Every structure is written in structure tokens, then in C-alpha cells.
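First residue of the sequence shown? That's 1 in our numbering, and the numbers climb one at a time after it. Read the structure below first, then the notes.
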Amino acid sequence: MSSRHVALTYHDYAALPDDGRRYEIHDGELSVTAAPSPQHQLTSANLFRILDAHVRSHGLGVVLYAPLDVILSDSAIVQPDLVYLASERLNAVSGRGIEGPPTLAVEILSPSTATTDRATKASLYASHGVPFFWLVDPGARAIEAYRLAGDRYAVALRAIGTDPVDLPPFTGLALIPASLWP
Numbered sequence: 001m002s003s004r005h006v007a008l009t010y011h012d013y014a015a016l017p018d019d020g021r022r023y024e025i026h027d028g029e030l031s032v033t034a035a036p037s038p039q040h041q042l043t044s045a046n047l048f049r050i051l052d053a054h055v056r057s058h059g060l061g062v063v064l065y066a067p068l069d070v071i072l073s074d075s076a077i078v079q080p081d082l083v084y085l086a087s088e089r090l091n092a093v094s095g096r097g098i099e100g101p102p103t104l105a106v107e108i109l110s111p112s113t114a115t116t117d118r119a120t121k122a123s124l125y126a127s128h129g130v131p132f133f134w135l136v137d138p139g140a141r142a143i144e145a146y147r148l149a150g151d152r153y154a155v156a157l158r159a160i161g162t163d164p165v166d167l168p169p170f171t172g173l174a175l176i177p178a179s180l181w182p
């Protein structure tokens, strides 16, 4: 007797219930997580306000926040906590979500998602050509910024504390990591 693997697609994803859980499909496999914690959402809101103000004031594109479908392929649908689309990628916005790789995907780590964010989702983003990826770690009070190098990410910068930093792909951002934590 052989077992057969059934890969899920966007069609299957679109049929999932709207029940407050976060559904994603990672290379055809369903991933389900609970709603984020208030600390997670406060960190996300703080980072969104900073990035959105910078992007809007410089006319760089758009910053969007979850829940938002990023359709990397028919069998890879994710919901990063934040996404940035540079102006030249704005045509990726559709009625379904973001079709194709955003310029930047941001994941805010939670105890229940840290392994998936660091391994599975980082690999998905890299294999689908997302140029920049950030991991925001409220527990360590750190931001790890990665740049795509070939088919995997290389650390561009790890930021902590109260000194302003520019994180790729932005220049002139002057983000203070300590300002993110509730």
C-alpha cells in the first residue's frame, strides 16, 4: 500500500474558513497558527508606523500588514506580518493579495511560530526570490535583516538597543530597535 501526498493549492486555500486562525500553505502543506498575542500586535503596529512613515514620505512604494495573502506560487501562500512593495513592484497587488514576491517580508517571532518563521518561511521566501527578509524577535529585542544571496539569505545586520540603524532595503530609515517593544 502506498501513501499519496496531496499538495494543496490556492483553490484549496481560498475555501478555508474565516475563523480567526492564520492559514498558510507552505509548498502544498497546510500550516495553521492561532491569532497573534497583543505583544506581537503592538510590536507589529510600532514597526508598521515607522516603515509606513518612511516609505510614504520618500514615495518608495507601500507597506501593508497582516492579514494579507502573499501568493508566492499556487502552492505557497503566506501571510507575513508586514510586507513592503517598492514602487516597481506595485503591480503585484491584485484582488487576491500580493501575487509574487514582495520587496521585503517581515516576520515577528512568537514562541509558537519561531521555528516555522526561521526555517520554513525563510526558505520559501528565498526560493521564491523575496530580496529582503527581516525577523523581529521581541524576546531578544532584536531585528535580524537578511539579504537574498543566490538561493539563500545572508545576514545583513542584527540590530538591538537605542542606536538608529538603516536596515536593507532602506536608507535613511534611522530605526531605533528599542522603540518597537511594548
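Note that the Cβ used here is the ideal one computed from N, Cα and C, for glycine as well. Predicted model, so just to flag it, every value in this text is computed and none were measured.
request  = Let me know if L188 comes out buried or exposed under the rule of 16 or more other beta-carbons within 10 Å of its beta-carbon.
outcome  = Absent from the model: residue 188. The displayed extent of the chain is 1 to 182, so no value can be given.
Those residues which DSSP pairs with S33 across a bridge = Reading off the sequence shown, one finds Thr at residue 33, where the question assumed Ser. Note: T33 sits in a beta bridge opposite R22.
inquiry  = For M1, count the other beta carbons within 10 Å of its own beta carbon; 16 or more makes it buried, fewer makes it exposed. Which is it?
reply    = With a pLDDT of 46 at M1, under the threshold of 50, the modelled position of that residue is not reliable, and no figure is offered here.
request  = Going by DSSP, name the residue or residues bridged to V165.
outcome  = V165 is bridged by DSSP to L175.
task = Please classify F48: does DSSP put it in a helix, a strand, or coil?
result = Correct three-state label for F48: helix.
ask   = In whole angstroms, what separates the C-alpha of T116 from that of R22?
value = The straight-line gap from Cα to Cα measures roughly 13 Å.
message = Looking at the strands, I want to know which residues DSSP matches up with Y125.
response = Paired residues: none, contrary to the question.
inquiry  = So for R118, helix, strand or coil by DSSP?
reply    = If DSSP states are grouped into helix, strand and coil, R118 belongs with the helices.
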